[in-house]
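J.: Residue numbering for the sequence shown is 1 to 172, as defined by our numbering.
For every residue, glycine included, the Cβ atom is placed at its ideal position computed from N, Cα and C.
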Amino acid sequence: SSTTSSLKCSSSIGVFSYYLGSLGSDVELAAWGAVQKISNALMAITIGVAQGVRPLLAYNYAAGLYARVRALIRGAFVAMLAYVALALVLVHLFPSPIVRLFVTEERAVETAVYFLEVWTYTIVFIGALELFNAIFQAFGKWQVEDLPGQHRRRQGLPVDARAHPAGALEGH
Numbered sequence: 001s002s003t004t005s006s007l008k009c010s011s012s013i014g015v016f017s018y019y020l021g022s023l024g025s026d027v028e029l030a031a032w033g034a035v036q037k038i039s040n041a042l043m044a045i046t047i048g049v050a051q052g053v054r055p056l057l058a059y060n061y062a063a064g065l066y067a068r069v070r071a072l073i074r075g076a077f078v079a080m081l082a083y084v085a086l087a088l089v090l091v092h093l094f095p096s097p098i099v100r101l102f103v104t105e106e107r108a109v110e111t112a113v114y115f116l117e118v119w120t121y122t123i124v125f126i127g128a129l130e131l132f133n134a135i136f137q138a139f140g141k142w143q144v145e146d147l148p149g150q151h152r153r154r155q156g157l158p159v160d161a162r163a164h165p166a167g168a169l170e171g172h
């Protein structure tokens, strides 16, 4: 159920935060908090683009307007690609000023910049995944779009598309 998935996801974030705090320091925890805020803002836009196109796709698919459906899918991918490219460029050109919006301690800024640069590449895949999910949902094929979630649930893992750069602490 979605409640169980939410609990698993929240638990995984709690465990991650606990180990980050106990194995690292408050600096790493503050850095990760800043990256989480930035990533949530960036991800909200990818989800908005994907979910915004879904009713348009569903309406046109149900009406049998397949040429329009193909044009909408192409347009959605172009919009998503343009947004993701812009986000990547901004984050890689101006990482410190962006991070400083959320944390000001210099060591935390350096660590957060490193975490953010590791994390930002996942937005490409998450944006594509969100768009594919919206397309399958619009066509009434939600079972197909949920295959990764079903696999993770069978393994007892939390269903959370966001990547946690836990390994980033080792090399920093």
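1. To which residues of the same chain is Leu42 closer than 7 Å at the C-beta, ignoring the five residues directly before and after it?
2. Could you tell me the distance, in whole angstroms, from the CA atom of Thr46 to the CA atom of Ala67?
3. From which residue to which residue does the alpha helix (DSSP H) around Leu192 run?
4. Straight-line CA distance for Gly171 to His92?
5. Can you list, in chain order, the residues of its chain whose CB lies under 7 Å from that of Ile176, leaving out five sequence neighbours each side?
6. How long is the line joining the alpha carbons of Tyr121 and Val89, rounded to whole angstroms?
7. Suppose contacts are defined by Cβ-Cβ distances below 8 Å. Is Trp119 in contact with Val27 by that definition?
8. Rounded to whole angstroms, how far is the Cβ of Ala30 from the Cβ of Ala79, which I believe are closer than 8 Å?
9. Looking only at its own chain, which residues have a Cβ that is under 8 Å from the Cβ of Gly33, when we skip the five neighbours before and after it?
10. Using 8 Å for Cβ pairs, my map puts Tyr61 next to Phe125. What's the rounded Cβ distance?
11. Please identify the residue among Ala76, Val49, Phe94, Lys141 whose C-alpha is closest to the C-alpha of Tyr114.
12. List the endpoints of the continuous alpha helix (DSSP H) containing Ala108.
13. Work out the CA separation of Leu81 and Ala63 for me, nearest whole Å.
14. Taking buried to mean at least 16 other C-beta atoms within 10 Å of its own C-beta, is Gly127 buried or exposed?
15. Are Ala50 and Asn133 touching if we call contact CB-CB under 8 Å?
16. If we ignore side chains and look at the alpha-carbon of each, how far apart do Tyr59 and Leu131 end up?
17. Can you name the start and end residues of the alpha helix (DSSP H) that Leu101 belongs to?
T.: So, to answer that:
1. Ala87, Ile123
2. 24 Å
3. Given a span of 1 to 172 for the chain in the structure shown, any question on residue 192 remains unanswerable.
4. Its pLDDT being 38, under 50, Gly171 is placed unreliably in this model, and the value from its coordinates should be taken loosely. The straight-line gap from Cα to Cα measures roughly 19 Å.
5. A query on residue 176 cannot be resolved here, the shown segment of the chain reaching from 1 to 172 and no further.
6. 11 Å
7. no
8. Not confirmed; about 34 Å, so no contact.
9. Phe102, Val103
10. Contact doesn't hold; Cβ gap of about 25 Å is too wide.
11. Phe94
12. 106–119
13. 27 Å
14. buried
15. yes
16. 16 Å
17. Taken as a continuous stretch (DSSP letters only), Leu101 belongs to no alpha helix (DSSP H), as it is neither H nor E.
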